[in-house]
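All remarks here apply to the structure that follows.
In this note's numbering, the protein residues as written are 81 to 457.
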């Protein structure tokens, strides 16, 4: 009952407030301030945070359905709270109780918003190659370096930051740690990065210059930062898979509707076999992606390891979004290339999904490695 009420409230908001403004905000690449405030009121910044800290404590399965729904209307909005929730997840799983009580209630309400800062100019998929350095001095750490492509980088104020504490450690992952950093002296946002798609949400550089923070803001312990980051990506991959389902379904819906009103050679194009073949493939992709996502989310909710299943969902759903967006543009013909139709936006948004939260090439490697590990002879 509660699940249906949450989904109904989100559907109502999407229909009344989001859908009528998407085109304008998207093309102007404007931060959707009013929508962010509504998301806070809906509890989305606390969606997966435990109720004991003021969050909704939603299951990953319900969370994924919410993300898919919002992504059908405007994918960018999901990135604003997903990166934030990945930060909150790391705090809730690994931080001290003191740090949890200090930050999680304010994360849940959206009073403090932020994200996860992993990527650097020379370190994306290979996180062990990061260079941002954290040196311990007494009861503080001093951070120097740069992060890039960080969601919420401009408008966010707090970030879970992966840093090197021992650059000479072998293996490399043992010399890393995660820190909770609030903007202040020595820590600021650099330039906003311009993107092909994924408009509205800000992606930016974060710059650390002799930034000091208390040692108590270490999340967990030194030497565990890499494992914490990789663990947090499971929720992120479920989110990206859900975005894929949403974008793929939006492309399908728009194509089904358009194919019934556009006529060529005296009949609607949906009656042409060439279009029917496309629609049949698009619909099958959406349903398969949805089922893979549901399976991965249910395994996650049981507390079981799901890197293979999350990888499968992320890989297939995002490729489904990419293919469906491409086919939708071809079905729409010249209109699909016009900014007056949503298909143009879907076509620009979809490629990001194949890259973010670990490239789809890496997902296939993860799937294969886990497949072998689970079926050793």
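The beta-carbon is built from N, C-alpha and C at its ideal position, and this holds for glycine as well. The structure presented is a predicted model; accordingly, all values stated were derived computationally and were not measured.
| Cβ of residue 308 within 7 Å of any heavy atom in the ligand GTP? | Among the ligands in the structure shown, none appear at all, so the ligand GTP cannot be discussed.
| task | Give the secondary structure of residue 254 by DSSP, where H, G and I count as helix, E and B as strand, and everything else as coil. | result | Taking the chain shown and counting its residues from 1, one reaches residue 254 at position 174. Residue 254 falls in the helix class under three-state DSSP.
| message | Here's the rule: buried if 16 or more other CB atoms are within 10 angstroms of the residue's CB, otherwise exposed. What is residue 417? | response | Residue numbering aside, residue 417 sits at position 337 when the chain shown is read from its first letter. So residue 417 ends up on the exposed side.
| Hey, is residue 349's beta-carbon within less than 8 Å of any beta-carbon in chain C? | In the structure shown, chain C does not exist; there is a single protein chain.
| For residue 230, the first and last residue of its enclosing beta strand (DSSP E) | As a working mapping, residue 230 is identified with position 150 in the chain shown. Counting along the chain, the beta strand (DSSP E) containing residue 230 begins and ends at 220–231.
| request: Would you mind giving the Cβ-Cβ distance between residue 242 and residue 305, rounded to the nearest angstrom? I have them listed as a contact below 8 Å. | output: For the purposes of this step, residue 242 is taken as the residue at position 162 of the chain shown. For the purposes of this step, residue 305 is taken as the residue at position 225 of the chain shown. Going by Cβ atoms, the distance from residue 242 to residue 305 rounds to 5 Å, so yes, they are a contact pair.
| Would you call the CB atoms of residue 359 and residue 335 closer than 8 Å? | As a first step, residue 359 must be located in the chain shown, where it is residue number 279. As a first step, residue 335 must be located in the chain shown, where it is residue number 255. The answer is yes: Cβ separation under 8 Å.
| field | Close-in-space but distant-in-sequence residues of the same chain around residue 156 (CB under 7 Å, 5 per side omitted) | value | Working through the chain shown from its first residue, we reach residue 156 at position 76. Taken in chain order, the residues that qualify are 278, 279, 280, 281.
| field | Sufficient close CB pairs (3 or more, under 8 Å) joining the region 288–303 to the region 165–180 | value | yes
| task | Please report how far the alpha carbon of residue 183 lies from the alpha carbon of residue 362, in whole angstroms. | result | Mapped onto the chain shown, residue 183 falls at position 103. Mapped onto the chain shown, residue 362 falls at position 282. Taking the straight line from one Cα to the other gives about 43 Å.
| Using the rule of at least 16 other Cβ atoms within 10 Å of the residue's Cβ for burial, across every protein chain shown, is residue 107 buried or exposed? | For the purposes of this step, residue 107 is taken as the residue at position 27 of the chain shown. Per the 10 Å Cβ criterion, exposed.
| said: Suppose contacts are defined by Cβ-Cβ distances below 8 Å. Is residue 411 in contact with residue 338 by that definition? | reply: Residue numbering aside, residue 411 sits at position 331 when the chain shown is read from its first letter. Residue numbering aside, residue 338 sits at position 258 when the chain shown is read from its first letter. Contact: yes.
| field | Any alpha helix (DSSP H) of 4 or more consecutive residues that is wholly inside the region 403–440 | value | 422–433
| Minimum C-alpha distance to residue 109 - residue among 414, 425, 449, 438 | As a first step, residue 109 is located in the chain shown; it is residue number 29 there, counting from the start. Looking at the Cα atoms, 425 is the closest of the given residues.
| message | Can you check which of these residues, 442, 394, 446, is closest to residue 433 by C-alpha distance? | response | In the chain shown, the residue the question calls residue 433 occupies position 353. Here the closest residue by C-alpha is 394.
| Where residue 264 sits in the DSSP three-state scheme | By 1-based counting over the chain shown, the position of residue 264 is 184. In the structure shown, residue 264 sits in a strand (DSSP, three-state: E or B).
| Nearest-angstrom Cβ-Cβ length linking residue 286 and residue 204, presumed shorter than 8 Å | Numbered from 1 along the chain shown, position 206 holds the residue referred to as residue 286. Numbered from 1 along the chain shown, position 124 holds the residue referred to as residue 204. Not quite, the Cβ-Cβ distance comes to about 15 Å (not below 8 Å), so this is no contact.
| Own chain partners of residue 442 with C-beta closer than 7 Å, once the 5 adjacent residues on each side are dropped | Counting from 1 along the chain shown, the entry for residue 442 is found at position 362. Cβ neighbours of residue 442 beyond the five flanking positions: 205.
| task | Measure from the alpha carbon of residue 129 to the alpha carbon of each residue in 240, 151, 187, then state which is nearest. | result | Translated into positions along the chain shown, residue 129 becomes position 49. It is 187 whose Cα lies nearest to the Cα of residue 129.
| Do you know how far the Cα of residue 413 is from the Cα of residue 174? | As a position in the chain shown, residue 174 is number 94, starting the count at 1. As a position in the chain shown, residue 413 is number 333, starting the count at 1. Looking at the two C-alpha atoms, the distance is approximately 51 Å.
| So the beta strand (DSSP E) residue 185 belongs to, where does it begin and stop? | The residue labelled residue 185 in the question sits at position 105 within the chain shown. Element bounds for residue 185: not the beta strand (DSSP E) but the alpha helix (DSSP H), 177–189.
| From 145, 133, 116, 102, residue whose alpha carbon lies closest to that of residue 88 | Numbered from 1 along the chain shown, position 8 holds the residue referred to as residue 88. Among 145, 133, 116, 102, the Cα nearest to that of residue 88 is on 145.
| For residue 241, the residue or residues it bridges with in DSSP | If you number the chain shown from 1, residue 241 lands on position 161. According to DSSP, residue 241 bridges with 197, 259.
| query | When you compare only the Cα positions, how much space is there between residue 152 and residue 125? | reply | Against the chain shown, residue 152 aligns to sequence position 72. Against the chain shown, residue 125 aligns to sequence position 45. Spanning the two alpha carbons is a distance of roughly 19 Å.
| said: One question on the structure: do residue 373 and residue 325 come within less than 8 Å of each other, judged by their Cβ atoms? | reply: As a first step, residue 373 must be located in the chain shown, where it is residue number 293. As a first step, residue 325 must be located in the chain shown, where it is residue number 245. The answer is yes: Cβ separation under 8 Å.
| Does the distance from the C-beta atom of residue 83 to that of residue 142 stay below 8 Å? | Position 3 of the chain shown, counted from the start, is the residue given in the question as residue 83. Position 62 of the chain shown, counted from the start, is the residue given in the question as residue 142. Yes, the pair counts as a contact, with Cβ atoms nearer than the cut-off.
| said: Rounding to the nearest angstrom, what Cα-Cα distance links residue 227 and residue 105 in this structure? | reply: As a working note, residue 227 is residue 147 in the chain shown. As a working note, residue 105 is residue 25 in the chain shown. The alpha-carbon atoms of residue 227 and residue 105 are separated by roughly 26 Å.
| message | Just verifying my parser: in three-state terms, what is the DSSP assignment at residue 91? | response | Your numbering for residue 91 matches position 11 in the chain shown. In the structure shown, residue 91 sits in a helix (DSSP, three-state: H, G or I).
| said: Quick check: residue 189 and residue 229, are their CB atoms within less than 8 Å of each other? | reply: Here residue 189 refers to the residue found at position 109 of the chain shown. Here residue 229 refers to the residue found at position 149 of the chain shown. In this structure, residue 229 does not lie closer than 8 Å to residue 189 by Cβ.
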